[in-house]
Structure formats: C-alpha cells, structure tokens
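Notes for the one structure printed next.
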Amino acid sequence: MRVLYKPAYFYLIIDILILILTLYVVLDWFPLTTNSPFSKYSLPSIFYILQWVLISYLIQRYKPLRRQQFYQITLRLFYVSLLNALIFMGLIHYYFKPYSGFVLLATTVLTFLVNYIFLSFYYAYKLAVDYNEVNLKPSKERINANVIPESDIDEASYAQLQSTIRAHSTSGVLKFLENNLNLRSGNTLVYVNNDVENLRMYPNYRYSTIIQLERLNNVRNINKKLTIINEKLPDDGLFVCCFESKSTRKKTILRKYPNVINRIVYIFYYLFKRVMPKVFLTRNLYYFLSKGNDRVFSKAEVLGRLYCSGFMVVMEKKVCHLTYVLAKRVKNPETTQKRIYGPLIRLRRYGKDAEMIQVYKLRTMHPFSEYLQSYIYERNYLKDDGKFNKDIRITTVGRIMRRYWIDELPMFFNLFNGEMKLVGVRPLSKQYFGLYNEELQKKRVKFKPGLLPPFYADLPRTLDEIQKSEMDYLTACETDGTMITDMRYLIQILKNILIKRARSA
1 MRVLYKPAYF YLIIDILILI LTLYVVLDWF PLTTNSPFSK YSLPSIFYIL QWVLISYLIQ
61 RYKPLRRQQF YQITLRLFYV SLLNALIFMG LIHYYFKPYS GFVLLATTVL TFLVNYIFLS
121 FYYAYKLAVD YNEVNLKPSK ERINANVIPE SDIDEASYAQ LQSTIRAHST SGVLKFLENN
181 LNLRSGNTLV YVNNDVENLR MYPNYRYSTI IQLERLNNVR NINKKLTIIN EKLPDDGLFV
241 CCFESKSTRK KTILRKYPNV INRIVYIFYY LFKRVMPKVF LTRNLYYFLS KGNDRVFSKA
301 EVLGRLYCSG FMVVMEKKVC HLTYVLAKRV KNPETTQKRI YGPLIRLRRY GKDAEMIQVY
361 KLRTMHPFSE YLQSYIYERN YLKDDGKFNK DIRITTVGRI MRRYWIDELP MFFNLFNGEM
421 KLVGVRPLSK QYFGLYNEEL QKKRVKFKPG LLPPFYADLP RTLDEIQKSE MDYLTACETD
481 GTMITDMRYL IQILKNILIK RARSA
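For the sequence shown, full-length UniProt numbering begins at 1 and goes up steadily by one.
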C-alpha cells in the first residue's frame with residue numbers, strides 16, 4: 001500500500017470545513033467553564049485539525065471517493081476518530097490538563113456524525129439504483145435444453161419421499177405439493193440442503209422440477225442459488241421455494257407477547273434484523289451472531305428475486321406460517337452482479353424536448369421490486385387514477401413518505417440542475433407517457449416537468465380527468481405564458497394543500 005498519494009482536494013477541503021464547523025459549534029453552543037473558549041482552545045484546535053488531517057492522509061481517507069466503497073471510507077473515518085481521540089486524550093492527561101476532555105469527546109463525535117451524513121448523501125446520490133421497470137420477456141431457447149426423461153419412482157421410494165417432506169415441513173405442505181406437482185416423477189428433485197455449491201453437482205436438465213424445502217430465510221447468496229437452479233432446469237422447468245415473510249414474522253411476535261411488551265420486543269427485533277445488517281459498524285457483528293440464518297424478507301423482495309433470476313411466478317400459497325411459491329423458468333437471469341439498494345433511486349423520465357432525464361427520489365419500495373411490474377399488473381387492477389389498487393412493492397414507511405411527498409425531496413437536485421421547475425406536469429416514464437394521446441404528448445415535451453403538478457390545483461379523480469387537467473395547464477402556458485400560469489397554479493396548489501389538506505395518492 002502506497003503511503004504517499006495525491007489527495008482528493010475537494011474532499012480534503014470539505015473535511016477541514018467540517019472540523020472548523022464542529023469546533024465552532026462545540027465552543028460556542030456547548031456549556032463550558034471558561035468565559036473565553038475561543039482564545040483558550042485556539043491552539044489545541046489547530047493541533048487537533050492538523051493531527052486529524054495527518055492521520056486521515058496516512059490511512060488513505062483522502063483518496064478519491066469514487067475509488068472507495070462506502071463501507072471502506074466510513075470504516076476509515078471511524079479509525080481516524082478513534083485514534084485522534086485516544087492520542088489527544090493522552091496529551092490532555094499528561095500535558096494539557098487545563099483543557100476539558102468533554103470538548104474533545106464532543107468534537108470527535110460531532111465530526112464523525114457530520115462526516116457520516118455527508119458521505120451517506122454523497123454515496124446515495126452517486127450509487128442511486130436505476131429503478132426502471134423491467135418487463136419479463138422470454139429469452140431465446142437454449143440449445144438442447146430439454147429434460148432427460150426418467151421413469152416414475154417405485155412405491156417404497158415415494159413413501160420415503162413423503163416421509164422426507166413431512167419431516168422438513170408439514171402434511172399440509174405435502175398435500176400442496178401433491179396437488180400441484182408430480183412427485184412420483186423421476187424428474188422431480190426434493191432438495192433439503194441450503195448449501196449453494198452442492199447444487200452444481202447435479203447435471204443440467206436432469207430434473208424438470210426442483211423443490212427447495214429449506215426456507216429462503218436461512219439461505220446465503222440467494223441470487224447465486226437461484227441462478228444455479230435456473231441453469232439446471234430445462235426450458236419451462238418448475239421451481240418451488242418457501243419463505244417466512246416480514247409481515248408474518250411481525251404478527252407472530254405481536255401475538256406471542258402481551259400488549260406493550262410485544263411492541264418493545266418487536267422494536268428490538270427490528271433493530272437487530274433490519275438495522276444491524278445495514279449499518280457498517282454492526283453488519284459484520286450481525287452475520288457473526290446470526291450466521292446469516294433467519295433473515296427477514298418481504299414478499300415483494302422474494303418474488304422480485306425470482307423474476308430477476310429468470311423465473312415467472314405461477315402461484316403462491318400460504319401453508320401454516322410459510323409462503324410457498326411455484327415458479328417457472330422462462331429466461332436467463334437478468335444479472336449475476338450484487339445489487340446495492342441505497343436510500344435514493346434514479347428514474348428515467350421524459351423532460352423538455354423529449355429528452356430522457358434522471359429523476360431522483362427516495363426509495364419507497366422493497367428491494368427487487370423493479371422486476372415485479374408485470375406481476376403486479378396481472379394480479380391487481382388499475383384504479384381510476386391509473387395507479388395499482390394494491391401494490392405490495394411499497395413499504396409501510398414508503399406509503400407515509402409518498403402521502404406527504406417526502407420521497408420527492410431529492411427532486412430538488414433536478415430543480416437546481418435546471419431539468420425541472422417548481423410547477424409543471426409530472427415527468428413520466430416511457431410506459432405511462434405512451435398512454436397519453438398524441439396531442440398531449442406533444443404539448444408535454446414543450447415545457448420542463450415540475451415538482452408540483454396541476455393535479456394539486458384541480459384535484460382530478462380519474463385518469464381522464466388527470467389528462468384534462470394537464471391539457472388545461474399546458475394550454476394556459478402557451479397562451480398566458482409559463483410564469484403567469486405557474487404563479488396562478490402555485491397559489492391554488494398551496495391553498496388546496498394547506499386548507500383542503502390535499503395529499504399525494
């Protein structure tokens with residue numbers, strides 16, 4: 001590892017500004033015993049900043065951020081904070097006894113937090129997930145991807161198979177499998193091991209049906225396993241898996257304990273199962289304690305992983321506390337790369353002059369939900385306003401964020417970049433843009449899209465009324481000018497939001 005390197009001056013300057021800001025806040029706002037904190041702590045502050053910068057440089061913190069992963073740079077930030085605090089604590093103890101250890105501790109903690117927030121926003125912006133809807137289209141037929149026929153198993157083997165299924169699940173699961181699959185076929189594999197690599201031993205196209213009895217909650221590298229199963233199955237091969245959903249787990253906990261206590265237990269459970277795996281300081285500890293077992297998945301995430309891996313969901317059924325999914329192999333997997341889902345997403349939308357722009361929003365959907373567009377469309381009808389009647393892709397927190405427009409706050413990035421304006425029609429995806437008539441399409445691309453659509457001025461209820469509302473707004477922009485029209489609509493929008501309590505659907 002090279003000790004000397006050219007630092008990223010932008011990040012270096014940001015880091016120094018954060019240090020100066022935190023020192024100012026601590027010395028000016030915090031209660032201290034001295035009446036002149038700036039004169040007393042000026043020299044130690046300079047030494048603190050110089051020491052912080054030196055340690056940061058030595059442990060490679062100032063390398064360009066684009067070359068560092070979020071986990072890597074945040075861990076280095078933690079090391080710098082710890083080393084700086086320990087060294088300065090020793091200096092205070094032996095040489096600078098008149099100085100307060102509280103100032104040191106407060107400055108270190110505050111500097112770490114501000115840096116962490118800055119890095120979180122930076123990486124969330126840079127690594128925003130492209131959340132474009134993915135349509136499931138069958139891939140080209142593979143060469144000789146046909147099952148190798150086998151005769152049915154004998155009665156003794158079938159009885160043993162039934163016993164194995166009962167031992168690893170329930171009689172209800174056995175009945176579900178017998179009703180929907182041919183368990184007597186020699187081309188049916190019942191798999192009880194959660195080791196991904198063991199699957200590679202089976203020849204391709206040997207089995208037309210693979211049944212995974214182990215819960216996906218206990219399987220590491222799920223997408224890798226699904227990719228291998230996709231490879232082993234012939235065209236139109238069937239795969240059965242099961243999982244315990246997040247909502248089922250929550251109901252189980254709330255029913256198990258008395259009121260109040262059950263909420264406290266669920267909060268700790270949520271912190272351990274949902275928060276610890278996401279925070280860099282606790283992620284490794286979580287996997288050390290849990291061994292990757294008993295993970296928590298939403299229904300949308302599991303189904304999305306299946307679609308991402310080239311399967312199409314045929315049916316799903318809840319048996320006892322587990323959800324069983326019967327899926328059919330229809331294509332090759334979308335990707336084998338690891339997907340990282342941060343707080344921000346990027347959406348390709350039509351802007352002015354029909355140019356595609358990247359619109360930023362806070363993520364309100366479960367991971368892998370972008371693969372469920374066709375699944376949701378087939379099973380849930382559209383409401384009058386053009387939205388799905390029941391969308392399992394949206395999280396509980398996401399529904400709240402959408403209702404109060406919190407998810408749209410990152411669109412101010414687009415406002416500051418000049419791609420959008422304050423009032424205007426919503427930027428639409430290709431799919432929804434294609435639903436509009438040609439006249440409205442032409443009018444839409446004459447102007448920049450906006451953060452506040454005319455929807456909140458007219459409060460239409462149906463898709464036809466929404467299109468009429470947009471047509472009236474765009475026509476007014478052409479005749480009266482954009483500025484006058486936007487001001488008139490802005491006043492009406494604010495009136496509806498503040499007085500009539502208009503909210504996002």
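Beta carbons are placed, not taken as given, at the ideal position from N, Cα and C, and that holds for glycine. The structure displayed is predicted, hence computed values, not measured ones.
Nearest neighbour of Asn-218, chosen from Pro-234, Glu-197, Asn-193 and Leu-233 [CA to CA]: If you number the sequence shown from 1, residue 218 lands on position 218. For Asn-218, the nearest C-alpha among the options comes from Asn-193.
Pick from Asn-115, Glu-419, Tyr-266 and Val-425 that is closest to Tyr-79, judged by C-alpha positions: As a position in the sequence shown, residue 79 is number 79, starting the count at 1. Among Asn-115, Glu-419, Tyr-266 and Val-425, the Cα nearest to that of Tyr-79 belongs to Asn-115.
Given Gln-60 as reference, the closest of Thr-227, Cys-308 and Ile-73 once Cα atoms are compared: Along the sequence shown, one-based indexing puts residue 60 at 60. With distances taken between Cα atoms, Gln-60 lies closest to Ile-73.
Reduced DSSP secondary structure (H/G/I, E/B, other) of Lys-318: Residue numbering aside, residue 318 sits at position 318 when the sequence shown is read from its first letter. In the three-state reduction of the DSSP assignment, Lys-318 falls in the strand class.
6 Å CB neighbourhood of Val-147 in its chain, flanking five on each side removed: Translated into positions along the sequence shown, residue 147 becomes position 147. By the criterion of a C-beta distance shorter than 6 Å, Val-147 is surrounded in its chain by Asn-187, Tyr-205, Ser-208 and Pro-234, once the five residues flanking it on both sides are discounted.
Option in Ser-374, Gln-467 and Lys-352 with minimal Cα separation from Pro-427: Taking the sequence shown and counting its residues from 1, one reaches residue 427 at position 427. If you compare the alpha carbons of Ser-374, Gln-467 and Lys-352 with that of Pro-427, the shortest gap goes to Lys-352.
Beta-carbon proximity check, Arg-184 vs Asp-236, cutoff 8 Å: Position 184 of the sequence shown holds residue 184. Position 236 of the sequence shown holds residue 236. No. Outside cutoff.
contact_flag[the stretch 324–333, the stretch 305–316] where n(CB pairs < 8 Å) is 3 or more: Between the stretch 324–333 and the stretch 305–316 there are three or more C-beta pairs closer than 8 Å, enough to call the two in contact.
Minimum length 3: unbroken beta strand (DSSP E) runs contained in the stretch 262–332: Runs of the beta strand (DSSP E) lying entirely within the stretch 262–332 and spanning at least 3 residues, in chain order: 311–319 and 322–329.
Close Cβ partners of Thr-336 (< 7 Å) along its chain, the five nearest in sequence each way excluded: Here residue 336 corresponds to residue number 336 of the sequence shown, with the count starting at 1. The predicted position of Thr-336 is uncertain, since its pLDDT is 48 and thus under 50; a value taken from the coordinates is nonetheless stated next. Around Thr-336: Thr-227.
C-alpha distance - Ile-222 paired with Val-26, whole-angstrom precision: The residue given as residue 222 occupies position 222 in the sequence shown. The residue given as residue 26 occupies position 26 in the sequence shown. Computed Cα separation, rounded: 47 Å.
Contacts around Pro-138, its chain only, beta-carbon distance under 7 Å, and the 5 residues preceding and following it disregarded: Along the sequence shown, one-based indexing puts residue 138 at 138. Reliability fails at Pro-138, whose pLDDT of 49 lies under 50, so the model's placement of it is uncertain and the value that follows must be treated cautiously. Same-chain partners within the cutoff: Val-330 and Lys-331.
When Gln-212, Thr-395 and Ile-357 are compared against Lys-430, the one with the closest alpha-carbon: Taking the first residue of the sequence shown as 1, we reach residue 430 at position 430. Considering only alpha carbons, the answer is Ile-357.
Closest residue to Leu-174 among Tyr-489, Lys-318 and Arg-379 (Cα-Cα distance): Residue mapping note: residue 174 aligns to position 174 of the sequence shown, counting from 1. Comparing Cα-Cα distances from Leu-174 to each of Tyr-489, Lys-318 and Arg-379, the minimum goes to Lys-318.
Leu-233, DSSP secondary structure in three states: If you number the sequence shown from 1, residue 233 lands on position 233. Note: Leu-233 maps to coil in three-state DSSP.
Cβ contact check for the stretch 440–451 and the stretch 463–474: 3 or more pairs under 8 Å: With a cut-off of 8 Å, the stretch 463–474 and the stretch 440–451 count as touching, because enough Cβ pairs lie within range.
Exposed unless 16 or more other CB atoms sit within 10 angstroms - verdict on Phe-368: Taking the first residue of the sequence shown as 1, we reach residue 368 at position 368. Buried.
Helix, strand or coil at Val-423 according to DSSP, with G and I counted as helix: Start at 1 with the first residue of the sequence shown, and residue 423 comes out as number 423. Note: Val-423 maps to strand in three-state DSSP.
Inter-residue spacing [alpha-carbon to alpha-carbon] between Phe-268 and Asn-144: Counting from one through the sequence shown, the residue named residue 268 turns up at place 268. Counting from one through the sequence shown, the residue named residue 144 turns up at place 144. A straight line joining the alpha-carbon of Phe-268 with that of Asn-144 spans about 52 Å.
Extent of the continuous beta strand (DSSP E) to which Ile-345 belongs: As a first step, residue 345 must be located in the sequence shown, where it is residue number 345. Start and end: 344–350.
Distance, Leu-177 Cα to Leu-136 Cα: As a first step, residue 136 must be located in the sequence shown, where it is residue number 136. As a first step, residue 177 must be located in the sequence shown, where it is residue number 177. Per-residue confidence for Leu-136 stands at a pLDDT of 48, beneath the threshold of 50, marking its modelled position as unreliable; no derived number is given.
Same chain only: Cβ atoms within 8 Å of Gly-398, ignoring 5 sequence neighbours per side: Counting from one through the sequence shown, the residue named residue 398 turns up at place 398. A distance below 8 Å between beta-carbons, with the five flanking residues on each side excluded, links Gly-398 to the following residues of its chain, in chain order: Arg-363, Thr-364, Met-365 and Asp-407.
C-beta atoms of Ile-46 and Ile-16 nearer than 8 Å: The count along the sequence shown starts at 1 and reaches residue 46 at position 46. The count along the sequence shown starts at 1 and reaches residue 16 at position 16. Against a cut-off of 8 Å, the Cβ pair of Ile-16 and Ile-46 comes out as no contact.
One or two residues paired with Thr-74 in a DSSP bridge: What you label residue 74 is simply residue 74 of the sequence shown in a count that begins at 1. Per DSSP, none; premise fails for Thr-74.
Identity of the residue in Arg-295, Pro-98 and Gly-342 nearest Leu-119 by Cα: Position 119 of the sequence shown holds residue 119. For the residues Arg-295, Pro-98 and Gly-342, the minimum Cα distance to Leu-119 belongs to Gly-342.
Alpha carbon of Ile-229 to alpha carbon of Met-315, nearest angstrom: Residue 229 sits at position 229 when you count from the first residue of the sequence shown. Residue 315 sits at position 315 when you count from the first residue of the sequence shown. Straight-line Cα distance between these residues: approximately 18 Å.
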